[in-house]
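The next block holds one structure in the form of structure tokens; read it before the comments.
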Amino acid sequence: MIMFRTYAAAALAAIALMSSAHVVADDRVPPVTNDLVRKECGKCHMAFQPAFLPARSWNRMMSELADHFGENASLSANKVAAIRAYLTANAADAAPGKLARKYLRRIGPGETPQRITDNPEFAREHRFPERVWKDPKVVTKSNCPACHPRAERGDYDDD
Amino acid sequence: MTFRLPPKIEIALLKFWHAWLAGSFLIAYVTADEDTYAMHLFAGYAVLAAIAARLLVGVVMSVGSPLALPRPSAKGLVTWLIERKGRNPLFSWFAAVLFAVIGVSAASGALADGWTWLEDPHEAVSELALGVMLGHVAFVTFMYGGKRLLMRFFRPRKAVTPAVLACALLAQPVLAQAGDARRDAILAGYTVQARAADPSFAGFSAERGEKLFRATASGGDARTPACTSCHTENPRATGRNAKTGREIEPIAVSANPKRFTDKTEVEKQFGRDCKGVLGRECTPREKGDYITFMLGQ
């Protein structure tokens, strides 16, 4: 009887571990692997993983760098082309994984959103009291690494 | 005397000269034998010529040029010891010692061709010169790469493989030395522009740069009324982008030797940040003042 209980406990623990591992693996997107993208996009803010926006959004963004959320983020034409190629090739419509699909699902076919933080999926996963956003370390909603220490690696598993 | 060449040419000349001196000394050192006497003689004269040419050029070039010779002074040493700011004075002292010992080594060699009694002193001085040169390599490696490498060893943040470490160790002194020269070239470029804008321009000033750094303006973005809004009051500290929350590496050269070494990057950053803080572009004089201030920080 004691033996059976031990086995049962072990099996339960194993299931719990596996299922939590399964849940954990959901909040991940492929990390940015392109050095130019990491350097140029990551200079002023975290280099967001392209899986959070569809290719058409990245295309629009790379065409409007002179007014990038109010900032002039212009780059040389060849850098723009290389970054655009990487972002569109790894965009939400191309990236594997549940998280990318969850974000893409909320975007209409005619929409070209620019702010990842405007996606309803983002709001759904970030329902916090206002004081959390007011933390001096946070500054703005797009500052992922303030709360997700492994965000740069595409790992948002820490909630 | 004042004399300048385009910054790129000055740096190329400096690199060429360094290779010339180091190469000819090495050849002279390994051929110091009866069998290879002709080559030893030739290489030795090449060393002597390199030293003579460098001293001549160093006197002619104006202060600020990478080809100007930094003059060691006891006063500079004392100031540095008290304030702990700016370039380590050991750099200029080391340069002076190198010139002296290599110069005496080469000159005594040339004379020993006629006065054979000088051969033994020549050999002794040359051994000493090699020792000082190895010290120079160790010093430069430590100043530019070693300090940071040691920090990484004792405060490991990322997994660093031995291969990467080895590459970094080998590349650091070269890169860092080039960093200094590249920064000088950027400043030299702003000097030319500043003089073109104002013929009475008389050099950059760290004080004006500090004033600019700490001043509050109202023409730019409301979130960034001053440079210090992101870089903090302490240029040696890690800053934070006031709009995105992104960490910013220290702006002071002493805390971040990579600063102001990539001309395109520097221009891009001034272009964005001057607009964000002042609501206008910075003048070449302001850019030069700013870099000059950060150089001493």
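Keeping their order, the protein sequence lines are chains A and B. The first sequence lines up with residues 0 to 158 when you count with numbering that gives the first Met the number 0. The second sequence lines up with residues 0 to 296 when you count with numbering that gives the first Met the number 0. We treat Cβ as the ideally placed atom computed from N, Cα and C, and that holds for glycine. All values derive from a computational prediction rather than experimental measurement.
Opening and closing residue of the alpha helix (DSSP H) in which residue i lies
i, result
"C229 of chain B", "T227 to H230"
"Q268 of chain B", "K262 to L277"
"G102 of chain B", "L89 to A111"
"T140 of chain B", "E118 to T140"
"A88 of chain A", "A76 to A88"
"M293 of chain B", "P283 to L294"
"G208 of chain B", "A205 to R213"
"S62 of chain A", "A54 to S62"
"A38 of chain B", "The identity of residue 38 of chain B in the sequence shown is Met, whereas the question assumes Ala. That run of the alpha helix (DSSP H) goes Y36 to V59."
"W114 of chain B", "Taken as a continuous stretch (DSSP letters only), W114 of chain B belongs to no alpha helix (DSSP H), as it is neither H nor E."
"Y28 of chain B", "P6 to V29"
"P119 of chain A", "P119 to E124"
"Y102 of chain A", "K97 to R104"
Pick from the options that is closest to residue i, judged by C-alpha positions
i, options, result
"L74 of chain A", "B:A18, B:L55 and B:Q268", "B:Q268"
"R235 of chain B", "B:Q296, B:S23 and B:F138", "B:Q296"
"A94 of chain A", "A:P49, A:R130 and A:S141", "A:P49"
"K74 of chain B", "B:A67, B:K210, B:E33 and B:W92", "B:W92"
"L89 of chain B", "B:A48, B:M60 and B:A137", "B:A137"
"R53 of chain B", "B:W19, B:A42 and B:T227", "B:W19"
"A81 of chain A", "A:C40, A:N71 and A:Q113", "A:C40"
"A31 of chain B", "B:E118, B:L66, B:F15 and B:L13", "B:E118"
"D134 of chain A", "A:A72, A:N33, A:C146 and A:M61", "A:C146"
"E209 of chain B", "B:I247, B:I26, B:S199 and B:C226", "B:C226"
"Y28 of chain B", "B:P71, B:A99, B:A51 and B:S104", "B:S104"
"G57 of chain B", "B:E126, B:L66, B:D179 and B:A187", "B:L66"
"L186 of chain B", "B:D288, B:F98 and B:E126", "B:D288"
"N58 of chain A", "A:H44, A:V79 and A:R126", "A:V79"
"P69 of chain B", "B:A51, B:K286, B:P5 and B:A95", "B:A95"
"R222 of chain B", "B:I101, B:K7 and B:L277", "B:L277"
"V139 of chain B", "B:D179, B:H39, B:A11 and B:L55", "B:D179"
Chain A residues whose Cβ lies nearer than 9 Å to that of residue i
i, result
"K257 of chain B", "Result: empty, since nearest Cβ-Cβ is about 12 Å, beyond 9 Å."
"R207 of chain B", "Correct list: empty, because the minimum Cβ distance to chain A is about 26 Å."
"R284 of chain B", "Within chain A, no residue comes near R284 of chain B; the closest Cβ sits about 22 Å away, beyond 9 Å."
8 Å Cβ cut-off: residues of chain A touching residue i
i, result
"K274 of chain B", "N71"
"N240 of chain B", "C43, H44 and V138"
"R182 of chain B", "The contacting residues do not exist; R182 of chain B stays about 19 Å from chain A at best."
"R279 of chain B", "Those do not exist, as R279 of chain B stays about 13 Å from chain A at its closest Cβ, beyond 8 Å."
Partners in chain B for residue i, counting only beta-carbon separations shorter than 9 Å
i, result
"A145 of chain A", "G244"
Contacts that residue i makes with chain A (C-beta to C-beta distance below 7 Å)
i, result
"R53 of chain B", "In chain order: nothing, as chain A lies at least about 37 Å away."
* Asked: Residues in the segment 28-53 of chain A with C-beta within 9 Å of chain B's C-beta atoms, listed in sequence order?
  -> G41, K42, C43, H44 and M45
* Identify each residue in the segment 111-143 of chain A for which the Cβ-Cβ distance to at least one residue of chain B is less than 8 Å, and report them in chain order. => K136, V137, V138, T139, S141 and N142
* Inspect the CB distances between the segment 196-210 of chain B and the segment 93-101 of chain A and report whether three or more fall short of 8 Å. => no
* Does the segment 269-278 of chain B touch the segment 249-261 of chain B, meaning 3 or more C-beta pairs lie closer than 8 Å? -> no
* How do the segment 106-116 of chain B and the segment 38-51 of chain B stand: do at least 3 beta-carbon pairs fall below 8 Å, yes or no? -> yes
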